[in-house]
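These notes are about the structure you will find just below.
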Amino acid sequence: MLLSLRKIVVPALAFASISQAAVLCDSPESFLPVSYALSTTPVDSGLAAHSTQRKYALSKHAPVLTLDYEVDVAGFPYLDIVSGTGQIELKYTEDFDGLNQIYGDGPWTFVVGLANSFRTETFNITGPGRVKSTLLQGAQRWETITLLTDDTIVVSNPGVEPSVEVCPTETLPGSFSASIQNYTEIWGLGARAVQLACFDKESQPSTWKITANGAYIQGQQPANSPLGYGMSEYTLEFMTKIVRGGTGWRVLSSAVSSGPYMILTSNYPDHSTFVNINTTLLPPNTLIVGNGPSIVNQTSLTTGANLYYPISTKILEDTWYNITIATGTAGIDVYINSTLSATVPLVSTGTWGFGPFMDQIAYVKDVQVTVSNGTVIYQNDMKSDHTLAEYGVQSNTVPICVDGGKRDRAIWVGDFVHTARVLAATTNRVEFIRGVIESSLSWQLPAGDEASGLVATRASLGDDNRYKDHYYVTNYGITDYQIFFMLVVGDYYTLTNDLAFLTPYWSQVQALVSRIETYLDPNSGLLGDSYDNYYFTAGPVPNATAPAALFAYALRKLIPLAEAIGDTASASAYSSTAQSIADAINDLLWNPTAGTYGVALSDVNDYSLTAISFTILAEIMNATQIESTLATALPKLFYITGYKDSSSITSSLTTQLSPNTQGFLLEALLISLKNDYSSTTTSAALTAISNLLNVYWPQMLSTSRYYTGASWEYVFPDGSPGLELFTSLAHPWGSAPTYLLTQYVLGVGPKSAGYEQWSFEPIPALLRGGLEGLSWAEGVVPTPNGGAIKASWKVNQSTGQVKITAQGPAHTTGVITSTVLMGTWIVDGVRKTLNGSYTVTGGKQVVLVGTI
């Protein structure tokens, strides 16, 4: 069959229910640096205040201009040239130390991500005017502008043209503050993280340009066609013209860009060649072949050794070359203009893709793939816009959120569980939640498929669901990420009551639940082998506590939605399944010696953070078990600044402490504290909550070179980024405290879906001074139908006097509930006798004053 993509008519994707939200704030036209230093090397201390009027003279005496934006920003870097000619290099990073590395804190070789794969780019300056990058940077705090040539260049007005809307925290619809300043600032970490990782429709442009000469591709991670995944023994042929430096392509590539990566360099003519080109890594007139994500390491993630094949003739720029790559059982033959130029001893399976290396630019056109019998199975002239969709580099078609600003920039739906709730508590831009739900369900595998019901768990920004069959299993991996998606759906209903949006998708949600139910082991009642046999919460281990408890938790979240839709049969079935899972966990996995549940049937002696968290959240643990777990097992997981993921993990200074898993733990602890099971449980919960809010998350608030104003991906025990330079420092999965401070430390949450009825439940243990220094909390909680809930509590620890204030929108009803609301209280100046609660009429402020 001939896959002649030139003949395909591609319909527009329909996302009619998603609308743009109102602008949250007067966003700046540019992100501007706050301070600078002009020196011989990057500088992170003693910087002076930057102003737009200031001019900076780069010279051999002071060739490096360091710029500090103080927090993460995202978009298209630019600067103005006042005078001079020569070459300059711009380098970007979140962590200051990236400025001391060749490639900044990159490159990013996992996916294209509709951003610059590289954190370093070079410009040839020919005179005054604006210099602007055409590829965006997803998140950066630090930047250097370095003079490369023996010239003097005067620059001014550096900045970043925004690709995201980032509003000051104080202007957001939601807010939180407390007497402990760190809590206020921790809340703000999540607010900034989601704004850096969530994108308006079509705000992230394609990194390719389609022209009459084919695809114009700047240096970036190669973008693959999904049509060749799993293939082998084929011949790829195409035409390419080098604009600058070289051209690049992949063959036999996996969906995560692992496999042969080939770069053909030019003869480096003087007029187009940068002086900082590494001719050891990239010698002229050479075919360089890497066998991994790239030809260089991705910060701390290493790639394979490179192979070098000098070309006997000059490879000219601005000249078309025919490239033919024949893959076979003995290796890969590479022909340039029909001349055999290299035989590469690499054998694999996979697809083809295109992308030159850093600072290179090339055209690619007339791509053809032939199989061993001579049949042409693929043709694409690369001159039509549908090529962008095929190669996964089309602009984002819906409002969407990714895992992190700078990387991976993929739609990891498991990570999104925290993001969704942060959005509702801060920006109230719930259209991003709808976008993720609708996008993920558009990838759902249809009935009749061997994995029908599954949704995409890791689509890349530019991927197109019309190729879903080719992306399976890569875009669908990690079984319990499917379950996390169920949580997102359940949470969205609870937060919004948006049945108009959810009801049309209910059958698809049911199909996903049914698919996951097929993985329940009939002997144990726990989740066993699955389509990929891998669980984020348990690894490749079947019959484990955490994923089973997570499934029970997700089912319980979906029950109110099923009931609201009128599907009582599903509601009953989900309740029954959740209870059966709970019974199986209690019957098979409780370890009385450890004082908690074991990791899995195959390992009952070790225990994990996620097993603890989800058994509490799913109401599987009883009060006695919670007391034992929090008082006996959990403290053994704490190491220096945070909690390890499991008891089997070695304690060392390189142990990665995850804010993602500790976010689930924090909610489990706060619920346990709120329920006031016993004095032992309360004491243990307060200790652990203090460890998280007073020790762990404040590491992200350091004013050091690591601070970005956003939550991180991982943390080392010493408080530094837990994946070194690779760490995403604007990662919403680390932002759970943002919504948990609102819901539990302040105490405001939905009593019915969509906040038509809301609750304000200050936790008694906090009112009584359970967290040292916490004497008041206040906040604003946006509601989906307009208006917001304003609430506060304040305690005089010396006298025991408590003041509680609350007001909700006119169309809502609130209930203030707490065990301290007993006996005589002053309500709006009138003495009243309370019995544990007080109803708040919408639109009216209520002030309660009493003594505890």
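According to mature numbering (1 follows the signal peptide of the UniProt record, and there is no 0), the sequence shown holds residues -21 to -1, 1 to 831 in order. Positions of the beta carbon are idealized from the N, C-alpha and C atoms, including for glycine.
When you compare only the Cα positions, how much space is there between residue i and residue j?
| i | j | result |
| --- | --- | --- |
| Gly748 | Val828 | 17 angstroms |
| Asn570 | Phe593 | 16 angstroms |
| Ala28 | Ile60 | 20 angstroms |
| Val326 | Met241 | 14 angstroms |
| Thr322 | Leu215 | 15 angstroms |
| Thr497 | Gln489 | 13 angstroms |
| Val372 | Ser439 | 9 angstroms |
| Gln641 | Ser418 | 28 angstroms |
| Ala663 | Ser486 | 43 angstroms |
| Gln199 | Val794 | 54 angstroms |
| Phe739 | Glu646 | 17 angstroms |
| Asn257 | Gln66 | 15 angstroms |
| Ala170 | Ala552 | 37 angstroms |
| residue 879 | Thr19 | Residue 879 falls outside the range modelled here, since the chain spans only -21 to 831, and no answer is possible. |
| Ala543 | Ser431 | 26 angstroms |
| Val13 | Val50 | 9 angstroms |
| Asp129 | Ala689 | 39 angstroms |
Is it the case that the CB of residue i approaches a heavy atom of the ligand PLP more closely than 7 angstroms?
| i | result |
| --- | --- |
| Lys362 | What this structure holds is no ligand at all, so the ligand PLP is not there to describe. |
Just to confirm, is the Cβ distance from residue i to residue j under 8 angstroms?
| i | j | result |
| --- | --- | --- |
| Ala531 | Ala602 | no |
| Val714 | Val143 | It is Ser, not Val, that sits at residue 714 in the sequence shown. No. |
| Tyr342 | Ala194 | yes |
| Phe464 | Val392 | yes |
| Ser6 | Cys146 | yes |
| residue 835 | Glu122 | Examination of residue 835 is not possible in this model, given that the chain is present from -21 through 831 alone. |
| Ala541 | Ser549 | yes |
| Asp448 | Glu369 | no |
| Ser204 | Trp299 | no |
| Val452 | Tyr510 | yes |
| Gly25 | Ala16 | yes |
| Phe89 | Gly227 | no |
| Ser374 | Pro184 | yes |
| Thr278 | Asp84 | yes |
| Gln780 | Ser754 | no |
| Leu616 | Thr660 | no |
Can you give me the start and stop residues for the alpha helix (DSSP H) that residue i sits inside?
| i | result |
| --- | --- |
| Asp566 | Thr547 to Leu567 |
| Trp676 | Trp676 -> no alpha helix (DSSP H), and no H or E assigned at all. |
| Thr169 | Reading off the sequence, residue 169 comes out as Gly, not Thr. Where Gly169 is concerned, the enclosing alpha helix (DSSP H) stretches over Gln160 to Ala176. |
| Tyr718 | Ala715 to Leu719 |
| residue 870 | For the chain, the structure presents residues -21 to 831; residue 870 sits outside this window and is missing. |
| Ala447 | Looking at the sequence itself, residue 447 is Lys, so the reference to Ala does not match. Per DSSP, Lys447 belongs to the alpha helix (DSSP H) from Lys447 to Tyr450. |
| Ala368 | His365 to Glu369 |
In terms of residues, what are the limits of the beta strand (DSSP E) holding residue i?
| i | result |
| --- | --- |
| residue 832 | The displayed coordinates of the chain run from -21 to 831. Any statement about residue 832 would go beyond what the structure contains. |
| Pro137 | Ile132 to Pro141 |
| Pro741 | It is not in any beta strand (DSSP E) - Pro741 carries neither H nor E in the DSSP assignment. |
| Arg53 | Looking at the sequence itself, residue 53 is Ala, so the reference to Arg does not match. Element bounds for Ala53: Val43 to Ser62. |
| Glu757 | Trp755 to Pro761 |
| Phe190 | The sequence given here has Thr at residue 190, not Phe. Here the beta strand (DSSP E) through Thr190 covers Trp187 to Thr190. |
| Arg535 | Taken as a continuous stretch (DSSP letters only), Arg535 belongs to no beta strand (DSSP E), being part of the alpha helix (DSSP H) at Thr524 to Ile544. |
| Arg437 | Arg437 to Ser439 |
| Pro21 | First-last for Pro21: undefined, no H or E at that position. |
| Gly829 | Val825 to Thr830 |
| Trp772 | Ala767 to Val774 |
Would you check if the region 518 to 526 and the region 582 to 590 touch, i.e. whether three or more CB-CB distances between them fall below 8 angstroms? Because the criterion of three Cβ pairs below 8 angstroms is met, the region 582 to 590 and the region 518 to 526 touch.
Fully enclosed by the region 194 to 246, which alpha helix (DSSP H) runs are 4 residues long or longer? DSSP runs (the alpha helix (DSSP H)) wholly in the region 194 to 246: none.
Touching or not, the region 613 to 621 and the region 702 to 721, by the rule of three or more beta carbon pairs under 8 angstroms? Contact fails: fewer than three Cβ-Cβ distances are below 8 angstroms.
Can you give, in chain order, each stretch of the alpha helix (DSSP H) that sits fully within the region 452 to 508 and has at least 4 residues? Counting only runs of 4 or more, we get 458 to 475, 478 to 481 and 485 to 496.
Alpha helix (DSSP H) runs wholly inside the region 395 to 421, at least 4 long, in chain order: 395 to 404 and 410 to 421, all fully within the region 395 to 421.
Does the region 115 to 135 come close enough to the region 41 to 52 that 3 or more CB-CB pairs lie under 8 angstroms? Contact between the region 41 to 52 and the region 115 to 135 is present, because at least three Cβ pairs lie under 8 angstroms.
Scan the region 315 to 352 and note each continuous beta strand (DSSP E) run of 3 residues or more that stays entirely inside, going in chain order. Complete beta strand (DSSP E) runs here, min 3: 318 to 323, 330 to 333 and 340 to 350.
Could you tell me whether the region 174 to 191 touches the region 398 to 417, where touching means 3 or more Cβ pairs closer than 8 angstroms? Touching, yes.
Which complete beta strand (DSSP E) runs does the region 582 to 641 hold, if anything under 3 residues is left out? Taking only runs of at least 3 residues, no beta strand (DSSP E) segment lies wholly in the region 582 to 641.
Which runs of the beta strand (DSSP E) fall wholly inside the region 251 to 301 and span at least 3 residues, in chain order? Fully enclosed beta strand (DSSP E) runs of 3 or longer: 265 to 270 and 286 to 289.
Whole runs of the alpha helix (DSSP H) within the region 778 to 812, excluding any shorter than 4 residues: Qualifying alpha helix (DSSP H) stretches: none in this window.
How about the region 347 to 358 and the region 202 to 215: do they share at least three Cβ pairs that are nearer than 8 angstroms? In short, these stretches touch, since the Cβ pair count reaches three.
Contact the region 350 to 361 vs the region 222 to 230: 3+ CB pairs below 8 angstroms: The region 350 to 361 vs the region 222 to 230: no contact.
Threshold first: 4 residues or longer. Then list the alpha helix (DSSP H) segments lying entirely within the region 63 to 116, N to C. Counting only runs of 4 or more, we get nothing.
Taking contact to mean at least 3 C-beta pairs separated by less than 8 angstroms, is the region 254 to 262 in contact with the region 104 to 122? Too few Cβ pairs lie closer than 8 angstroms, so no.
Between the region 239 to 254 and the region 290 to 298, do at least 3 Cβ pairs fall closer than 8 angstroms? They touch, by the three-pair rule.
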